[in-house]
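Going line by line, the protein sequences match chains A and B.
Each residue of the first sequence is one higher than the one before, starting from 1 at the first, in our numbering.
Each residue of the second sequence is one higher than the one before, starting from 424 at the first, in our numbering.
Ideal placement from N, C-alpha and C gives every residue a C-beta, glycine not left out.
Below: one structure, written as structure tokens.
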Amino acid sequence: MFKLIWETLAQRPFRLLLAIILFSISLTIVNFAIFTKNAFASKQETLISDATYFVDIDFSEGFGELYENPNGEELLKQMYIKLKNNDTFRYYEFYKQFLYILNYSGPSVFKYGYEEGMEAEDVEFGNNGNNILASPIKSVQVSNNCFARFNLELHSGRHFNSNDFDYDDKKQIPVIMGYEYKDHFNIGQELECIYIAKKFQLVIIGFLEKDSYIKAGNSNPLYLDMYIVMPSINCNYKPLNYEEKLFQIRHYANKTGGFLEVGKDLSVSYVKLILDNISSECSLRKYDILGQNVIIFDLFAVSTKQMWNAIVILGSFLLLISSIILIIILIRTVSRNIPAYCGYLLSGAKLITIKICILSEIALIIVLSNIISFLLLFAVYGNVYTYNIFAVLISALNLIITSFITIKILNKSSLSSYMGRQQ
Amino acid sequence: MIFFALTIYTEYSNTLEKISVGFYNSHSVKVKTEIFSGADGISNLKQLFNSDANDFLLYDISMGSDEIRGVLAKGQIEMPNIISGRCFSSSDFLNNKKVAIIGRNRVDKTFSDGEKILISLFGDKYEVIGVMGYGNQTFLDNCIYYNLDSVSEGFLYYIDGKNYKSVQKALNVMKGIGETEIISDKMSGINRMFKYNVYNSEILRWGLIFTVILLLATCYFIINDSKKEIHIYFFLGFSKYQALTLVYKHFVSIVLIGWLLAAFIYIFTVTNIEGLKGYIPYFSSELMIIPIVITIFSLIVTYLVFEFYWNKKYRS
């Protein structure tokens, strides 16, 4: 029987090869479409969740009363702890507060306002004639949970650990630089900066992966390639002087102006009510909701679905064409081989053996196509999971349909009518 | 058909990317300059408009938002899909006019003044000449594009155009007029976020390999299927070119059927699927040129296969 299969295959090797190549490519595209869809879906999850939405909050009360209040900074610290520990929502600290870097020697593209065409001017800090030039550099302050929530990955170095967020007025603050900084700064390099009028020592502990971004709410994603990512520090000490008090008030006003991630079963007005309750418990008057992303059109999220549909349609179209070609090739091969099959029958072969030969040929094409497609995807991505079970199911369906059609052609009547004509 | 399917896919994803970055091409350049503001602003704009730079667009984005922007367009330029009214024409610029193209969501903010439809902008009345939009919601639905010369107070611009060369030419003219600084700002569209371009290039690569193999196979099968006739032609003393005509007759009929079927499916898809409306052009020069190139390539390949077949199989 194997000899018979081999002879059948050897008769038309080009057609066999063509069927295998086209089917392999189609399977590769289908697999790729599914793989792409999964990749998009995981990214989309970080953008817009089916279960939650973001609420952007902001401390909108003037600082004057807090400056006067002996416990002003404590009220904001209480507010922060209540936001952080609230069970109704998850709280993310994420705000943009530029830093003045002292003796900055990098390019101007990192300066605050550069992209908007309003690059902030350098300023001089210091006194007693020892003035130091400081450049305003783009920076974001984030809490530790932002890294997991927004999939922030590192190109090199290490992530923040929980100790990095506690500040005791003495120690260095570790910072992670955006990807574009990697050609200008090094891990371990120390920087001096002014953050909200207070001098800090920074140390670079890593660089973010290229095109890392944070997107919370309806705003466009904020790409961090040109930003210094600083931990949103916790000041676990009482201010010893008035300047420190001012700093802590302004810093904690920033810290409490982050994002709430809320379940979609809760309305914005309900969230506002909770927020008002918390702030009044802390004797703070006003926290505003700046925006929320409750199913408002967002191209970044919607495009995922659109692109997925487009890829699936294209993949399915190519698969349909290659399936039709496969069926045509096999029908033509079987039709042309009828004289040979008649010869085999006259030589004593059984009809079932011939049918098994044809089925083996179809199975061989489909199995080989799957193997080639698997190897191609593995070669490109080095990942066995790129190959999807759906592609195997499609192949099985193709095998059944093609086998059914070809066996239907090759019945006793077609063979006997051919022999009759020849007689 | 495969070519048209690939075209629909690439056009769709390209337009989606373009919308996501604010409807700028990847070769556009962001610049900071004050040459178009102040007393000499209009005369400098005229100098740029009347220069040999062509096929470019100047967007004034000094408002801090992509939604409201001034536009100066010259030559063949690509603007968002217009769903009613018309696009800017050269007479709309530097003729003391105040005209605007608005997004769909701005239509309810318009009002009528006799024959004209107007919209309030910068405390003034602008004539609405067109409404832009796509099959589904995009940020363009909230946009207002006004003729840039009506308010010349800008300092931040995008120079866009038909191609890199036209953008550079306009940029050079601007540099010649006065200080113009290029602002390095990476586009933040869906390609940057999802790496669609990487995925798309993989898909297109495989799609093209698929198409080429299919094309070569078609050539081979046509000749293979015609071999009996070619054989007869040979023994009857017909020339090689008469036999080739026979092969080409088969080929052209297949190509024509393929073209007609693909054109029908293409037009049906582009005009009837709501989500695709506006994303894919009904007609473009590439859409015609590439199938013609493919057909000519196929005819040459068919000829070469035929030549090989005729010389080797029969002459020998």
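Reducing DSSP to helix, strand and coil, say where residue i ends up.
i	result
Lys198/A	strand
Ser449/B	coil
Gln499/B	coil
Ile458/B	coil
Tyr114/A	coil
Leu563/B	helix
Gln141/A	strand
Ser443/B	helix
Ile296/A	Low confidence applies to Ile296/A: its pLDDT is 39, below 50, so where it sits in the model is not reliable enough to give any reading.
Glu434/B	helix
Val262/A	strand
His155/A	strand
Val728/B	helix
Ile505/B	strand
Thr634/B	helix
Arg615/B	helix
Gly601/B	coil
Asp608/B	coil
Gly420/A	helix
Thr256/A	coil
Tyr95/A	strand
Ile703/B	coil
Leu290/A	strand
Ile205/A	strand
Ser474/B	coil
Pro107/A	coil
Arg285/A	coil
What does DSSP give as the partner residue(s) for residue i in the beta ladder?
i	result
Gly526/B	Met555/B
Cys193/A	Ile101/A and Phe200/A
Cys146/A	Answer is none; Cys146/A lacks a bridge partner.
Ala134/A	Leu102/A and Val123/A
Asp536/B	Lys539/B
Leu480/B	Ala496/B and Asp583/B
Val229/A	Val140/A and Ile176/A
Ile491/B	Ile567/B
Leu222/A	Ile214/A
Asn234/A	Asp166/A
Lys548/B	Ser543/B
Phe424/A	There is simply no residue 424/A to check, as chain A begins at 1 and stops at 423 in what is shown.
Thr52/A	Gly263/A
Is the beta carbon of residue i within less than 7 Å of some heavy atom of the ligand SAM?
i	result
Trp629/B	The ligand SAM is not part of this structure, which contains no ligands at all.
Take every Cβ of the segment 577-597 of chain B, pair it with every Cβ of the segment 478-487 of chain B, and state whether three or more of those distances are shorter than 8 Å.
yes
Under 9 Å (Cβ pairs) to chain B, residues found in the segment 109-129 of chain A:
Val109, Tyr114, Glu115, Glu116, Gly117, Met118 and Glu119
Determine, using beta-carbon pairs with one atom in the segment 177-189 of chain A and one in the segment 244-263 of chain A, whether at least three such pairs fall under 8 Å.
no
Using 8 Å as the threshold, is the segment 193-206 of chain A in touch with the segment 266-281 of chain A, meaning 3 or more CB pairs across them?
no
Residues in the segment 633-648 of chain B having any Cβ partner in chain A nearer than 8 Å:
Phe633, Ile636, Leu637, Ala640 and Tyr643
Inter-stretch contact at 8 Å, needing at least 3 Cβ pairs: the segment 468-482 of chain B / the segment 536-550 of chain B
no
With 9 Å as the C-beta to C-beta threshold (strictly closer), list the residues of the segment 530-551 of chain B near chain A in chain order.
none
Please determine if the segment 517-525 of chain B and the segment 554-573 of chain B are in contact, where contact requires at least 3 C-beta pairs separated by less than 8 Å.
yes
What residue ranges within the segment 54-85 of chain A form continuous alpha helix (DSSP H) runs of no fewer than 4 residues, ordered along the chain?
64-68 and 72-85
Select from the segment 216-232 of chain A all residues with a C-beta closer than 8 Å to any C-beta belonging to chain B, and list them in chain order.
Asn220, Pro221, Tyr223 and Asp225
Taking contact to mean 3 or more Cβ pairs, one atom from each stretch, closer than 8 Å, check whether the segment 345-352 of chain A and the segment 57-68 of chain A are in contact.
no
So if I threshold CB-CB distances at 8 Å, which residues from the segment 323-346 of chain A count as touching chain B?
Ile325
Is it a yes or a no for the segment 491-503 of chain B touching the segment 585-605 of chain B, going by three-plus beta-carbon pairs under 8 Å?
yes
Within the chosen definition, does the segment 452-459 of chain B reach the segment 424-443 of chain B through at least 3 CB pairs nearer than 8 Å?
no
Is there contact here, the segment 30-38 of chain A with the segment 381-401 of chain A, by at least three beta-carbon pairs under 8 Å?
yes
Along the segment 479-498 of chain B, where does the CB come closer than 8 Å to a CB of chain A? Name the residues.
Ser485 and Gly487
For the segment 376-393 of chain A, list every residue whose C-beta sits within 9 Å of some C-beta in chain B, in sequence order.
Leu376 and Val380
Note down, in chain order, all residues in the segment 179-199 of chain A with a beta-carbon under 8 Å from any beta-carbon belonging to chain B.
none
Inter-stretch contact at 8 Å, needing at least 3 Cβ pairs: the segment 633-647 of chain B / the segment 673-687 of chain B
yes
Quick one: any contact between the segment 433-447 of chain B and the segment 608-619 of chain B, if contact means 3 or more CB pairs under 8 Å?
yes
Is the segment 104-111 of chain A touching the segment 131-146 of chain A in the sense that three or more CB pairs, one from each, lie closer than 8 Å?
yes
Suppose only complete runs of 4+ residues qualify. What are the alpha helix (DSSP H) ranges in the segment 335-412 of chain A, listed by chain order?
351-381 and 389-409
Positions along the segment 81-94 of chain A whose CB lies within less than 9 Å of some CB in chain B:
none
Is it a yes or a no for the segment 87-106 of chain A touching the segment 189-198 of chain A, going by three-plus beta-carbon pairs under 8 Å?
yes
Using Cβ-Cβ distances below 9 Å, what residues of the segment 586-611 of chain B are close to chain A?
Glu604, Ile606, Ser607, Asp608, Lys609 and Ser611
Taking one C-beta from the segment 236-244 of chain A and one from the segment 256-271 of chain A each time, how about it: are there three or more such pairs within less than 8 Å?
no
Scan the segment 496-519 of chain B for residues whose Cβ lies nearer than 7 Å to a Cβ of chain A and list them as they occur along the chain.
none
Proximal residues, the segment 425-444 of chain B versus chain A, C-beta separation under 9 Å
Ile425, Ala428, Leu429, Ile431, Tyr432, Tyr435, Ser436, Leu439, Glu440, Ile442 and Ser443
How about the segment 278-289 of chain A and the segment 77-84 of chain A: do they share at least three Cβ pairs that are nearer than 8 Å?
yes
With a floor of 4 residues, list each alpha helix (DSSP H) that falls wholly inside the segment 660-701 of chain B, ordered by position along the chain.
663-695
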